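If you count the sequence shown from 1, position 312 lands on 312 in the UniProt record's numbering, and the numbers rise without skipping. This report concerns only the one structure given below.
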Amino acid sequence: MGSMRIKAEETELPPEKRVGDGSISLRGKPSDKSKSGTWRAASFLYVIVFVNSLVLVAIQGNLITYTVNILHLDLATGANLTNYIAGSSMVATIIFGFIADAYILPFWVIAASCIVYAGGLIGLVLSVSLPHLIPPQCDEAVCPPASQHIQSVFMAGLFISGMGAAGIKPTVLSLGRQQFDDTDPVEKKKGILFFSYYYAVYEAALFLATTVFFWLQTDVGFKEGYSTMAGTFYAGIIISLFGIRYLRHQKPVGSPLTILAKVIVAATRNWRKPLPADGSDLYELEGETSDIQLNRIRKITHSEGLKADDAQEKLLASEARVDLQTSLILRLSLVEQVSGQGCGPAR
Numbered sequence: 001m002g003s004m005r006i007k008a009e010e011t012e013l014p015p016e017k018r019v020g021d022g023s024i025s026l027r028g029k030p031s032d033k034s035k036s037g038t039w040r041a042a043s044f045l046y047v048i049v050f051v052n053s054l055v056l057v058a059i060q061g062n063l064i065t066y067t068v069n070i071l072h073l074d075l076a077t078g079a080n081l082t083n084y085i086a087g088s089s090m091v092a093t094i095i096f097g098f099i100a101d102a103y104i105l106p107f108w109v110i111a112a113s114c115i116v117y118a119g120g121l122i123g124l125v126l127s128v129s130l131p132h133l134i135p136p137q138c139d140e141a142v143c144p145p146a147s148q149h150i151q152s153v154f155m156a157g158l159f160i161s162g163m164g165a166a167g168i169k170p171t172v173l174s175l176g177r178q179q180f181d182d183t184d185p186v187e188k189k190k191g192i193l194f195f196s197y198y199y200a201v202y203e204a205a206l207f208l209a210t211t212v213f214f215w216l217q218t219d220v221g222f223k224e225g226y227s228t229m230a231g232t233f234y235a236g237i238i239i240s241l242f243g244i245r246y247l248r249h250q251k252p253v254g255s256p257l258t259i260l261a262k263v264i265v266a267a268t269r270n271w272r273k274p275l276p277a278d279g280s281d282l283y284e285l286e287g288e289t290s291d292i293q294l295n296r297i298r299k300i301t302h303s304e305g306l307k308a309d310d311a312q313e314k315l316l317a318s319e320a321r322v323d324l325q326t327s328l329i330l331r332l333s334l335v336e337q338v339s340g341q342g343c344g345p346a347r
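See the structure below:
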């Protein structure tokens with residue numbers, strides 16, 4: 001046991017090698033600043049952004065053509081189905097992004113979404129390839145629509161792939177930003193550029209989808225087009241696997257709605273109390289306990305901007321007897337929590 005303890009101490013990462021914002025590895029250990037993050041990690045995330053955007057735009061952009069010309073649905077029905085799928089994907093984007101930031105690491109949402117996406121693409125490729133899932137060709141002016149069985153298989157693949165895309169889109173942005181340390185001025189500047197390059201990658205995928213892949217679907221065939229899209233997606237995901245070891249992660253900070261509710265309750269209960277003369281007397285936790293309570297949120301200096309904000313923070317620090325497990329959690333709000341809700345000028 002003693003030798004194991006000594007070995008663990010020897011392999012523990014020194015503080016000077018850790019990332020300033022408290023980033024961790026996928027195993028929960030502190031990230032090595034020199035071996036993780038920045039562009040070495042972001043470049044692999046751009047691969048996911050590219051293949052996700054490419055496939056999503058190529059499918060949804062040409063969906064009405066398939067539903068009208070192949071499934072023999074009328075234009076209104078085809079447009080409605082397209083809107084339903086796109087709308088469901090957009091709503092799911094909000095939900096998945098919230099879950100990733102509040103409760104679990106964005107990486108796990110991306111990983112699960114890629115698996116779901118891959119399954120949906122398999123369903124789509126089969127639905128446009130297998131003879132018994134393709135309606136018979138019709139040259140009449142009015143053609144009977146495809147059977148419910150054929151429509152269901154295609155729509156199921158479409159919906160599943162849409163849910164996969166919804167899980168990737170918001171979380172890859174969140175995870176990408178975590179690759180750059182805000183406490184390091186050099187990395188902070190690079191982090192701002194991350195979003196510019198993100199949109200450049202997205203536009204490149206959009207251009208390729210609306211030119212090459214639209215042409216493949218309409219002039220060559222949907223079977224060839226969907227198969228090529230699926231192959232591109234699988235290749236991109238395989239490439240991105242090599243970047244997992246470089247990723248930095250941030251521990252989830254909990255639901256922002258919970259903090260918002262706490263701030264509102266604290267403001268309501270304390271708004272009649274007098275304000276302290278010194279902002280340093282407002283309620284804040286100090287030391288190690290502060291790091292645990294704030295989940296590595298950095299301190300924010302109090303300002304004299306909007307006095308109404310101080311209602312949430314106004315109990316004097318000398319009067320606060322902190323018990324994190326009692327009703328005090330609904331009586332007091334930290335300066336950082338109030339500022340985080342956008343209730344007034346930045347502290």
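Each residue gets a CB set at the ideal place from its N, CA and C atoms; glycine is no exception. The structure presented is a predicted model; accordingly, all values stated were derived computationally and were not measured.
Under the three-state reduction of DSSP, D219 is assigned to helix. Counting only residues of its own chain and dropping the five nearest sequence neighbours on each side, V125 has a CB closer than 7 angstroms to the CB of Y226, S227 and A230. Boundaries of the alpha helix (DSSP H) harbouring F107: P106 to S127, taken from the DSSP string.
Residue nearest to S113 within the set Y84, I168, I59 and F233 is I168 (criterion: CA-CA distance).
DSSP lists P30 and H249 as the bridge partner or partners of I24. In the three-state reduction of the DSSP assignment, R272 falls in the coil class, being assigned neither a helical nor a strand state. By the 16-neighbour rule on beta-carbons within 10 angstroms, K262 is buried. Excluding its 5 nearest sequence neighbours in each direction, G61 has C-beta neighbours in its own chain below 8 angstroms: A209, T210 and F214, listed in chain order.
From the listed residues L54, V186 and I150, the smallest Cα separation to H132 is found for I150. Burial state of D101 is buried, judged by a 10 Å Cβ sphere holding 16 or more other Cβ atoms.
Of the candidates K190, I99 and V116, V116 places its Cα closest to the Cα of I160. Per DSSP, the continuous alpha helix (DSSP H) segment holding P185 begins and ends at P185 to L208. Distances from the alpha-carbon of I48 to those of T65, V172 and T82 put V172 closest.
Remark: three or more beta-carbon pairs, one from each stretch, lie closer than 8 angstroms, so the segment 35–42 and the segment 172–184 are flagged as touching. For the set Y234, I104 and C138, the Cα lying nearest the Cα of N69 is the one of C138. Rounded to whole angstroms, the separation of the alpha carbons of I238 and A146 is 36 angstroms. With a beta-carbon spacing of about 22 angstroms, F222 and V142 fall beyond the 8 angstroms limit used to define contacts.
Note on geometry: alpha-carbon atoms of I59 and P135 lie some 19 angstroms from one another. One thing to note: E187 has its Cβ within 8 angstroms of the Cβ of F180. Look at the beta carbons and you see the segment 23–34 touching the segment 232–249: at least three pairs across the two are nearer than 8 angstroms. Under a 10 Å Cβ-count criterion, Y198 is classified as buried, with 16 or more other Cβ atoms of the shown protein chains found around its own Cβ. Counting along the chain, no alpha helix (DSSP H) covers T211, and no H or E run does either.
Rounded to whole angstroms, the separation of the alpha carbons of A111 and N52 is 13 angstroms. Rounded to whole angstroms, the Cβ separation of L45 and I244 is 11 angstroms, and the two are not in contact under 8 angstroms. Out of T82, Y103 and S240, the CA that lies nearest to the CA of A156 is found in T82. DSSP lists D32 as the bridge partner or partners of R18.
Taken atom to atom, the span from the alpha-carbon of A200 to that of F98 is near 25 angstroms. Across the structure, I264 and T258 are spaced so that their CA atoms are roughly 10 angstroms apart.
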